[in-house]
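To start, the structure itself, in C-alpha cells.
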C-alpha cells in the first residue's frame, strides 16, 4: 500500500464535517448520509491521481452531490427535485408590497425555528436554490467555493441563495413556524 | 432577465459586498426608504438563520470509518484490486445466540490442534499476498491495531467492553461490521457478516464443524464460524486462548 492514501487523507479529512453537512441534506430517501460520505471519499480517492489542486472542499462537495444524484437515479428517486406542491405559486412576488402579513415574516421565522420544519420547507425549494443554501448556510462554504462546486458564476450562486433564503423564510412563516405568535 | 431578476442579483451582490462603492451607497440609501427591499433583506437574514439550524456535527466514528475505507481501497489497489473494494455500509445483522456453537467449535479446534499458521505476511505497510480473501484480509488489517494482551488471561468474571465505534466496510463484495472488544487484558475484533467468510487457502476446517475454520496470520489468530450470520474473531492471542476468548464475546 503506497503512501498516496495518507496524502489523500491528510488533504481531505479536515473537510469531513463540511462533506457531512452536504451529505445529510443531499441524501435522499433510503440513503444513509454516512454511506454517502464514505462513498464520496472513496470516489475522491479513486480520482485523487487526476486531481489538479484547487479547493478540496469544493471538490469533495461536488463529488458528494454527484454521488447522491447517481445513487438516487439508480433507486429511481430524485431527491433534489421539487415535489409538486403549489406553495411556490402561493408565495408573494418578491417585490410586491404584500401588506402586513409579509412584514412579519422575518420576525416570525426567527422566533420559531425548528430543525424538522426547516428541513421540510427546505425540501420544497427548487434544487438550485436548495443546493446553494445547503452549501453556504448549512455547510459554511463561501460563495466562491459554492460556485466552484456547482460550476457556475459566483453571482449566480448569490442570486440563488438570496431567492432561496427569502422563499425559505416565507415557507416557514406559512407552514406554521409562528406557533405561539400573536 | 426581467427587472425583478436584475434587482435580485443586485441586492444579492450588495448583501455579499460585491458592489462598487457608488452602487453600494445607492443601495444603502434605497433601503432606508424602500420597505419592500428592506423586507427582502430581512427575509434573506431570516432564511439564512433558519438554514443554519440544520447544522449538525459529524458522528464521532465517521472519520475512523472513512479512513479505514480509504486504507482498504489503497490496500486493494496494490494487493488484489479485483477483489477488495470497500463500499456501502451494511445494516447490522440480527443478533443470534451462537455461543454454544462457538464453544463446540472451539473444543473441536483445540482437541484436534488444527490451527495453522498461514504463509501470508502482512507487511508493515499493509501489503498482503493475494491468497487471503479480501474479506478476511480486511478483518486482519483492521485487527493489526490491536495491542498484545496484557495481564495474562482474561478473568472469568470480567464482562467484555466495546472499544471505540463499530466500523462497517464492504470487501470482496461482502459487507462486514467490525467491532473491537476488550475482555480483561485482551482485545479482539469481531467481524460479523451476512455472507460467509471465505476460507483462506492455508487455513484449516475445524473438526466436526463443517463451516468453521481457523488460521493464523502473522501474530493474529483467526477463528471463523460461518452460517446465516457469519462471525470471524481476530486477536493477537494463542490459538487455544482465542477459542475461549471468542466464546465470551458478543458475536453479533
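Residue numbers (the working numbering), protein chains in the order written: chain A, 399 to 580; chain B, 50 to 301. Just so you know, even glycine gets a beta-carbon here, dropped at the ideal spot from N, CA and C. Bear in mind that the values here come from a model prediction, so they are computed numbers and not experimental data.
Quiz prompt | Below-9 Å beta-carbon distance, residue 194 of chain B vs any chain A residue | solution = Looking up residue 194 of chain B in the second chain gives position 145. Not closer than 9 Å to any Cβ of chain A, the Cβ of residue 194 of chain B fails to qualify, so no.
Quiz prompt | Inter-residue Cα distance where the pair is residue 94 of chain B and residue 214 of chain B | solution = Within the second chain, the letter at position 45 stands for residue 94 of chain B. Within the second chain, the letter at position 165 stands for residue 214 of chain B. So the alpha carbons of these two residues sit roughly 39 Å apart.
Exercise. List the residues of chain A whose Cβ lies closer than 8 Å to the Cβ of residue 235 of chain B, in chain order.
Key: Position 186 of the second chain, counting from 1, holds the residue named residue 235 of chain B. Those within 8 Å of residue 235 of chain B in chain A number zero; the least Cβ separation is about 27 Å.
Practice problem: Would you mind telling me which residues of chain B sit closer than 7 Å to residue 517 of chain A, beta carbon to beta carbon, in chain order? | Solution: On the first chain, residue 517 of chain A is found 119 positions in, with the first residue counted as 1. The answer, in chain order, is 103.
Exercise. In angstroms with no decimal places, state the Cα-to-Cα distance between residue 297 of chain B and residue 222 of chain B.
Key: Taking the first residue of the second chain as position 1, residue 297 of chain B is located at position 248. Taking the first residue of the second chain as position 1, residue 222 of chain B is located at position 173. Between residue 297 of chain B and residue 222 of chain B, the C-alpha separation is close to 29 Å.
Self-check item: Of the residues B:104, B:107, B:77, B:237, the one placed nearest residue 285 of chain B, counting alpha carbons only
Solution: Within the second chain, residue 285 of chain B is the residue found at index 236, counting from 1. Answer by Cα proximity: B:237.
Quiz item: When DSSP labels each residue in this structure, what does residue 511 of chain A get in the three-state scheme?
Solution: Reading the first chain from its first residue, position 113 is the one you call residue 511 of chain A. It is coil, neither helix nor strand.
Quiz item: If you measure beta-carbon to beta-carbon, which residues of the stretch 94-119 of chain B are closer than 8 Å to chain A?
Solution: 94, 95, 96, 97, 98, 99, 100, 101, 102, 103, 104, 105, 106, 107, 108, 111, 112, 114, 115, 116, 118, 119
Quiz prompt | Contact set between the stretch 59-83 of chain B and chain A, restricted to residues whose Cβ is under 8 Å from the partner | solution = 60, 61, 62, 64, 65, 67
Quiz item: What are the boundary residues of the alpha helix (DSSP H) that residue 253 of chain B is part of?
Solution: Taking the first residue of the second chain as position 1, residue 253 of chain B is located at position 204. First-last for residue 253 of chain B: 253-255, but that is the beta strand (DSSP E), not the alpha helix (DSSP H).
Self-check item: Within 9 Å, strictly: CB atoms of residue 444 of chain A and residue 420 of chain A
Solution: Start at 1 with the first residue of the first chain, and residue 444 of chain A comes out as number 46. Start at 1 with the first residue of the first chain, and residue 420 of chain A comes out as number 22. The answer is no: Cβ separation not under 9 Å.
Quiz item: Hey, does residue 538 of chain A have any beta-carbon neighbour from chain B nearer than 9 Å?
Solution: For the purposes of this step, residue 538 of chain A is identified with residue 140 of the first chain, where counting begins at 1. Output row for residue 538 of chain A: interface = yes.
Exercise. Could you name the residues of the stretch 253-287 of chain B whose beta carbon sits closer than 7 Å to any beta carbon of chain A, in the order they occur along the chain?
Key: none
Quiz item: Since residue 439 of chain A is in the alpha helix (DSSP H), which residue starts that stretch and which ends it?
Solution: Residue numbering aside, residue 439 of chain A sits at position 41 when the first chain is read from its first letter. Start and end: 431-445.
Quiz item: Around the C-beta of residue 410 of chain A, are 16 or more other C-beta atoms found within 10 angstroms, so that it is buried, or is it exposed?
Solution: Here residue 410 of chain A corresponds to residue number 12 of the first chain, with the count starting at 1. It counts as buried.
Exercise. Since I believe residue 263 of chain B is in contact with residue 252 of chain B (beta carbons under 8 Å), could you give me their beta-carbon distance rounded to a whole number of angstroms?
Key: The residue you call residue 252 of chain B lines up with position 203 of the second chain. The residue you call residue 263 of chain B lines up with position 214 of the second chain. Their Cβ separation, rounded to whole angstroms, is 6 Å, which keeps residue 252 of chain B and residue 263 of chain B in contact under 8 Å.
Quiz prompt | chain B contacts made by the stretch 411-422 of chain A, where a contact means CB separation under 7 Å | solution = 411, 414, 415, 418, 419, 422
Quiz item: Is there a Cβ from chain B that is less than 9 Å from the Cβ of residue 461 of chain A?
Solution: Translated into positions along the first chain, residue 461 of chain A becomes position 63. It does not: the Cβ of residue 461 of chain A has no partner Cβ on chain B nearer than 9 Å.
Quiz item: Name the DSSP beta bridge partners of residue 262 of chain B, please?
Solution: Here residue 262 of chain B refers to the residue found at position 213 when the second chain is read from its first residue. Paired residue(s): B:254, B:273.
Quiz item: Can you give, in chain order, each stretch of the beta strand (DSSP E) that sits fully within the stretch 208-234 of chain B and has at least 3 residues?
Solution: 210-220, 223-232
Quiz prompt | Contact set for residue 271 of chain B: own chain, Cβ-Cβ below 6 Å, skip 5 residues either direction | solution = Locating residue 271 of chain B in the second chain gives position 222, where the first residue counts as 1. Same-chain partners within the cutoff: 264, 283.
Quiz item: Counting Cβ pairs, one atom from each stretch, are 3 or more of them under 8 Å apart for the stretch 453-473 of chain A and the stretch 560-574 of chain A?
Solution: no
Practice problem: Evaluate contact between the stretch 554-568 of chain A and the stretch 516-535 of chain A, counting only Cβ atoms and requiring at least three cross-stretch pairs below 8 Å. | Solution: yes
Quiz prompt | residue 281 of chain B, DSSP secondary structure in three states | solution = By one-based count along the second chain, residue 281 of chain B stands at place 232. In the structure shown, residue 281 of chain B sits in a strand (DSSP, three-state: E or B).
Practice problem: With 8 Å as the C-beta to C-beta threshold (strictly closer), list the residues of the stretch 423-438 of chain A near chain B in chain order. | Solution: 423, 430, 432, 433, 435, 436, 437
Quiz prompt | chain D within 9 Å of residue 449 of chain A, Cβ atoms only | solution = Here the protein chains are A and B, and chain D is not one of them.
Quiz item: Name the DSSP beta bridge partners of residue 237 of chain B, please?
Solution: Here the question's residue 237 of chain B lines up with position 188 in the second chain. Beta-bridge pairing links residue 237 of chain B to B:230.
Practice problem: Return the residue from the list B:182, B:100, B:208, B:107 that minimises the CA-CA distance to residue 219 of chain B. | Solution: In the second chain, residue 219 of chain B corresponds to position 170, counting from 1. Cα-wise, what sits closest to residue 219 of chain B is B:182.
Self-check item: Same chain, Cβ closer than 6 Å to residue 198 of chain B, five either side skipped, listed in chain order
Solution: For this step, residue 198 of chain B is matched to residue 149 along the second chain. Around residue 198 of chain B: 234, 235, 286.
Quiz prompt | Per DSSP, cross-strand counterpart(s) of residue 242 of chain B | solution = Indexing the second chain from 1 puts residue 242 of chain B at position 193. DSSP lists B:225, B:279 as partners of residue 242 of chain B.
Exercise. Just confirm the distance between the C-beta atoms of residue 514 of chain A and residue 452 of chain A, as a whole number of angstroms; I'd bet it's less than 8 Å.
Key: As a first step, residue 514 of chain A is located in the first chain; it is residue number 116 there, counting from the start. As a first step, residue 452 of chain A is located in the first chain; it is residue number 54 there, counting from the start. Incorrect: roughly 36 Å between the Cβ atoms, too far for contact.
Quiz item: Contact check, residue 300 of chain B vs residue 241 of chain B under 8 Å by CB: the rounded distance?
Solution: By one-based count along the second chain, residue 300 of chain B stands at place 251. By one-based count along the second chain, residue 241 of chain B stands at place 192. The Cβ separation is near 7 Å, so the contact holds.
Practice problem: Report all residues from its chain with a CB closer than 6 Å to the CB of residue 110 of chain B; omit the five preceding and five following residues, and keep chain order. | Solution: Position 61 of the second chain, counted from the start, is the residue given in the question as residue 110 of chain B. Only 214 meet the Cβ criterion.
Quiz item: Which residues, in chain order, does the stretch 541-557 of chain A contribute to contact with chain B at a C-beta distance below 7 Å?
Solution: 541, 553, 556, 557
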